[in-house]
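In the numbering used here, the protein residues as written are 41 to 247. Cβ coordinates follow ideal geometry from the N, Cα and C atoms, glycine included. Predicted, not measured: the structure shown is a model, and the values here were computed from it.
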Amino acid sequence: MDIITILKTFGYAGVWTALFVEGAFIFGIFLPGDTLLFPIGILAGQDVFNLWIMLPGCFISAFLGNLAGYEIGKRWGPKLMEKYKGRFIKESHLTMCNEFFAKYGAFTVVICRFIHFARTLVPFMAGMTGMPYKPFVIYSAIGALLWATGVPLLGYFVGSLIPAGTSIDHYILPAIAAVIILVAIKPLYKKFIAKRIAPSSKNLPPV
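Below is the structure:
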């Protein structure tokens, strides 16, 4: 079953549920939020969905998912971390999230919205480590607004350019692939390229 059929079958409620689960629960790390939001916008541009109904629901679902993830991390974080670390939670993902927190502080909650695994882990880690609730709520709202409305709006713009009556199947897969590549660039750079540059740079003579 392709992504278009899935979205048409499960509709508004299915999309909103997926966005909530992705932010709320550890196993939500397997849900592809980005690859749902962009096609949603394209379909809205083709009048399959009402954009002005879909967008508020996406924002609310993403925002509430963050709040639920925070509460779960706060209440059961250490137990869940011990149980799922190495299974659902990769050490490299935890390290990267910790690096974001160290570098960007509370603003990490906004940044994480645009990084697949971090959307799930950062709210959980924020609750587990005792991040103050008020800043978390504020930055969660900002991140959810930018991500859950911005990505569909981009898709809507693309969808509005497709001539009426034209099959969008030929457009949707390249569009999803482009989103995945853009999201993956920074983690791949940190994992494969930055590590190779750092050791070699140590051997350079001082300027």
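Self-check item: Spatial distance of T169 from F176 (CA atoms)
Solution: 12 Å
Quiz item: Leaving out the 5 sequence neighbours to the left and right, which residues in its chain are closer than 6 Å to Y196 when beta-carbon positions are compared?
Solution: Correct list, in chain order: G81, A84, G85, L91.
Exercise. Just confirm the distance between the C-beta atoms of V55 and L76, as a whole number of angstroms; I'd bet it's less than 8 Å.
Key: Between V55 and L76, the beta carbon gap of about 6 Å places them in contact (Cβ cut-off 8 Å).
Self-check item: Counted within 10 angstroms of its Cβ, other Cβ atoms place E139 as buried (16 or more) or exposed
Solution: So E139 counts as exposed.
Quiz item: Between A146 and the rest of its own chain, which residues show a CB-CB distance below 6 Å, the 5 nearest in sequence each way excluded?
Solution: Closer than 6 Å at the Cβ level, and outside the excluded window around A146, lie P175, Y179.
Quiz item: Is it the case that the Cβ atoms of F103 and T189 are separated by a distance below 7 Å?
Solution: no
Practice problem: Give me the Cα-Cα distance between I129 and F141, rounded to the nearest whole angstrom. | Solution: In a straight line, the C-alpha of I129 is about 17 Å away from that of F141.
Practice problem: Check whether the Cβ of F154 sits closer than 6 Å to any heavy atom of the ligand SAM, and report yes or no. | Solution: With respect to small molecules bound, the structure shown includes none, and the ligand SAM cannot be examined in it.
Practice problem: Report, in whole angstroms, the separation of the C-beta atoms of G113 and V61, which I expect to be a contact under 8 Å. | Solution: Incorrect: roughly 15 Å between the Cβ atoms, too far for contact.
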